[in-house]
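**Student:** The numbering of the sequence shown is the working numbering, which starts it at 3 and goes up by one. Just so it is clear, CB atoms sit at the ideal spot from N, CA and C, and this is done for glycine as well. What you are looking at is a predicted structure, and each value in this text was computed from that prediction instead of being measured. Got a structure for you, written out below as C-alpha cells; questions coming shortly.
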Amino acid sequence: MSYRSLPKAELHLHLEGAAPPAFIKGLAREKHIDIDRIFDGNGGYVRGDFDWFLKAYDAACTVLQRPEDFRRLMLAVLEQSAEQGVVYTEFFLSPDFCGGGDLAAWRDYLDAMVDAADEAERRMGITSRGIVTCLRHLGPEAAKPIARCAAETKGRFVTGFGMAGAEMMHRPGDFAWAFDAAREAGLGLTAHAGEWGGPDMVRETVDLLGCERIGHGINAVTDHALCDHLIERGVTLEVCPVSNLVLGAVPDWKSHPIEDLRDRGLRVTVSTDDPPWFGTTMTHEYEMLERHFGWEEERLRVANRVAAEAAFCDETTRAEILKKLEAA
Ligand code: ADE
Ligand code: ZN
C-alpha cells in the first residue's frame, strides 16, 4: 500500500536541507552565484560522503540571503511536506545562515518564516514549529549567540534549541553554556549525536546537555546500559533511516538498528533529515521500513504517536496533532 495518505508527524527536518534543488538553482541564477558543482544532471543534488554533504550544504545556503528567500523556502518545503501527509513538522533553523547570529537580523528572518508557517497552516492545515540550531563545527563560542537568538525569540513558533553539524568536532559538554541558556529559557532540547559518534557521545549529550531528544542516536544500540538509561529518562530518538544509508552512517539496510532500538523499548520516531539530498520523502521512509523491517501501518502509527508525545509544542497543539494522527 502507499503510505502517502497516512497522517504523519516529523521531528527532524533541516529547513535549508529540505530546499528543492530547483529552488536553490533558481536563486543562484537570479543572484549570479556559481554553485553548479552541487547539482547533478538529473535535477538533483550531487551525493557524496558526510564531508562533501556539509560543504555542498554550505554552498547551497550562500544563495539564501534575505528574509524573503527564507519565507519562500519555508512555504515551498511545507507544501512538499503537506503533500506527503505530514500534519506536524519541526524545523531546524540556523541563525548562522540568517544574519550570522545577530539578534536583530535573526528577528527579521524569523518574522518572514513565521509568516510562511502561518500561511501554510491556514492554506494546507500543516502545523510547524522551529528549533533554533547551532552548528557544532563552528565551536562552543559561536553557539552562544545562537542560544541567545533562541532564548530571546522563544514563543509560539520557536520552541526548541538544537545542535547539528560535524559530530566528531568538540565534545557535547563544550556546549553546556548554550544548552543551559536555552533550558533556562524553557526551550525543548535536542542535539545530533550517535550518527557518527559512539554511545559515549549520546550519553554525554543526554547527561551533560540535558537533551530530551537525540538527533539520530543510532549508535546507542551497541551499549545496552545506555539504551536502558535512555528508556529510563524517556529520551526520544529522531531516526532518519535513508539519510543514514545515503551518507554511509550504516553500510546497508540490514545493518540499520532502527528495529533493534524499537524492539529494545526505545522511543523511536522517523524523519527525513534533508530529503532532496537523500532522494527521500516521509512516504519513502515508511515504504523502506515496511520493505526491510516489516513495519506495517500500526507500527508506523505508533512512531507518529511517539513523535507527537515528544514534540516541542504546548499541550493544546499536542492534543490536536494526536487527533489528526488518529484519522483513518
Ligand atoms: N545538518 C543537516 N543534516 C545533518 C546531518 N545528517 N548530520 C549533521 N548535521 C546535519
Ligand atoms: Zn539532521
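Run the Cβ filter for me: residues under 6 Å from any heavy atom of the ligand ZN, listed in the order they occur in the chain.
**Tutor:** That query returns the following residues: H14, H16, A166, H194, G217, D275.
**Student:** By the DSSP assignment, the beta strand (DSSP E) with V65 in it spans what residues?
**Tutor:** The count along the sequence shown starts at 1 and reaches residue 65 at position 63. Premise fails: V65 is in no beta strand (DSSP E) and is neither H nor E.
**Student:** Could you tell me the distance, in whole angstroms, from the CA atom of D275 to the CA atom of A251?
**Tutor:** For this step, residue 275 is matched to residue 273 along the sequence shown. For this step, residue 251 is matched to residue 249 along the sequence shown. Whole-angstrom Cα-Cα distance: 13 Å.
**Student:** How big is the Cα-Cα spacing for P69 and T224?
**Tutor:** As a position in the sequence shown, residue 69 is number 67, starting the count at 1. As a position in the sequence shown, residue 224 is number 222, starting the count at 1. P69 and T224: Cα-Cα distance of roughly 43 Å.
**Student:** Mind the definition here: the region 263 to 283 touches the region 43 to 50 only if three or more C-beta pairs lie below 8 Å; say whether that holds.
**Tutor:** The region 263 to 283 is in contact with the region 43 to 50.
**Student:** According to DSSP, G217 sits in a beta bridge with which residue or residues?
**Tutor:** On the sequence shown, residue 217 is found 215 positions in, with the first residue counted as 1. Per DSSP, H194, E240.
**Student:** In this structure, what does DSSP give as the bridge partners for D275?
**Tutor:** Counting from 1 along the sequence shown, the entry for residue 275 is found at position 273. Answer is L15.
**Student:** How about L324 and A310: are their beta carbons less than 8 Å apart?
**Tutor:** Residue numbering aside, residue 324 sits at position 322 when the sequence shown is read from its first letter. Residue numbering aside, residue 310 sits at position 308 when the sequence shown is read from its first letter. Yes, they are a contact pair.
**Student:** Within the same chain, show all residues whose beta-carbon is closer than 8 Å to that of A178, passing over the 5 residues directly before and after it, in chain order.
**Tutor:** Translated into positions along the sequence shown, residue 178 becomes position 176. The answer, listed in chain order, is L210, L211.
**Student:** Quick one: any contact between the region 115 to 125 and the region 144 to 153, if contact means 3 or more CB pairs under 8 Å?
**Tutor:** Too few Cβ pairs lie closer than 8 Å, so no.
**Student:** Measure how close the beta-carbons of V88 and I128 come, nearest whole angstrom, since I'm counting them as under 8 Å.
**Tutor:** For the purposes of this step, residue 88 is taken as residue 86 along the sequence shown, with counting starting at 1. For the purposes of this step, residue 128 is taken as residue 126 along the sequence shown, with counting starting at 1. Indeed they touch by this definition, with Cβ atoms about 6 Å apart.
**Student:** Do G19 and the ligand ADE come close, with the Cβ less than 7 Å from some heavy atom?
**Tutor:** What you label residue 19 is simply residue 17 of the sequence shown in a count that begins at 1. Yes - the ligand ADE has a heavy atom lying nearer than 7 Å to the Cβ of G19.
**Student:** Are there 16 or more other CB atoms within 10 angstroms of the CB of P253, so buried, or fewer, so exposed?
**Tutor:** Taking the first residue of the sequence shown as position 1, residue 253 is located at position 251. Under this definition P253 is an exposed residue.
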